[in-house]
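> Below: one structure in structure tokens.
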Amino acid sequence: MNVLILGGAGMLGPYVARQLAPRYTLRITDVKPPAEELPGEFRLLDVSDLDGVVEAAEGMDAIINLSVLRRHRKVAWDVSARGCYNMMQAAVTHGIRRVINTGPHYTVAGRNITECFDFGIGPDIPPQSGADLYAITKSMGLEICRIFSQHHDISVQTYLFYNFKDPATIQPGEHHAPFVISWENAAEVFPLGLEIDLDALPSRCEVFYVFADMPHGKFSNEKTKRILGFQPRQDVETLWRRTAVPPHL
């Protein structure tokens, strides 16, 4: 299978590329050269360039979108929203039926909205991204993917994350936001999405939370485990588990 990775020289991209390289032929693109040598072919490409994305997708069987720009108003729109349009248009042009999109969990569960006041939150809630620029542009990208999937024979899986951690860098006594997963474990969901029978997906546009198993149950990864067969690791659980209870508690 030939796989195009957009934004593959970013933070998650190298982990995904290494996970996929043994079984897939990769074409990786980004606006800057990678900091390390990546497997497969690399091309400089801005995801907001429609012609460039369409050209890069030629001969591909699947597209993975890891591109992200958080803070700049215009560029964030160009990357997260226009970039999704360009990706989906490239899929239509070349008859690519399998697309994997990515984003933050608050693409659908807006920061300081659902996140603060609810529990057991699944990925299929009505999207409510809130006022955060990153969330709004990613939410718009998700809707663009959804509309394309309704009008074309394309299946889109959107993987939503919160934050990532390298287990080797965890310091004794360190705590972290609890909705976390290791980079390596996060990358393991992508071959599952590339291999699943598209007819086994409930619809042509599905959203999945990719989190570790966490005791507080704020967000649910049940759907990701049940449909994709994802297996969360416990390699970062020390970030939210106390090794000892203070005497005054």
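The opening residue of the sequence shown carries number 35 in my numbering; numbering runs sequentially from there. Using N, Cα and C, we set each Cβ at its ideal position, and we do this for glycine too.
With 16 as the cutoff for other CB atoms within 10 Å, does HIS139 come out buried or exposed?
Counting Cβ neighbours within 10 Å, HIS139 comes out buried, since at least 16 surround it.
> Considering only the beta carbon of each residue, do LEU235 and ILE261 sit closer than 8 Å?
For LEU235 and ILE261, yes; Cβs fall inside 8 Å.
> Residues in its own chain within less than 7 Å of ASN218 by CB, not counting five upstream and five downstream?
Strictly speaking, residue 218 in this sequence is Glu, with Asn absent from that position. The answer, listed in chain order, is TYR49.
> What is the DSSP secondary structure of ARG132, reduced to helix, strand or coil?
It is a strand residue.
> Would you give the residue range spanned by the alpha helix (DSSP H) that ASN219 belongs to?
Counting along the chain, the alpha helix (DSSP H) containing ASN219 begins and ends at 217-221.
> For MET35 versus VAL87, is the C-beta spacing smaller than 8 Å?
Contact: no.
> Got a sec? Which residues, its chain only, sit under 7 Å from ASP187 by beta carbon, not counting five neighbours each side?
So the qualifying residues of the chain are ARG131.
> For a test of the three-state rule: what should DSSP assign to PRO225, helix, strand or coil?
Of the three classes helix, strand and coil, the one that applies to PRO225 here is helix, per DSSP.
> In the DSSP output, which residue or residues are listed as bridge partners for TYR168?
BP columns for TYR168 are empty, so no partner.
> Going along the chain, which residues of its own chain have a beta-carbon closer than 8 Å to the beta-carbon of SER163, five neighbours each way excluded?
Once the five neighbours on either side are set aside, the close Cβ partners of SER163 are TYR140, THR141, VAL142, GLY144, ALA169, ILE170, LYS172 and SER173.
> Just checking, does the stretch 72-88 make contact with the stretch 252-270 on the three C-beta pairs under 8 Å criterion?
Taking 8 Å as the limit for Cβ pairs, the verdict is that the stretch 252-270 does not touch the stretch 72-88.
> Output yes or no for whether 8 Å exceeds the beta carbon distance between GLY42 and LEU100.
Cβ atoms of GLY42 and LEU100: closer than 8 Å.
> Checking 8 Å against the spacing of the C-beta atoms, do VAL214 and TYR193 come in under that value?
Contact: no.
> Buried or exposed: where does GLU70 fall if 16 or more other Cβ atoms within 10 Å of its Cβ makes it buried?
Classification of GLU70: exposed, given that the 10 Å Cβ count is below 16.
> To the nearest angstrom, report how far apart PRO280 and ASP200 are at their CA atoms.
Because PRO280 carries a pLDDT of 48, less than 50, the predicted location of this residue cannot be relied on, and no value is offered for it.
> LEU46 and ILE9 - do their beta-carbons sit closer together than 8 Å?
As shown, the chain starts at 35 and ends at 283. That puts residue 9 outside it, with no answer to give.
> Considering TYR49, what are the terminal residues of the alpha helix (DSSP H) in which it resides?
Looking at the DSSP string, the run of the alpha helix (DSSP H) that includes TYR49 is 47-54.
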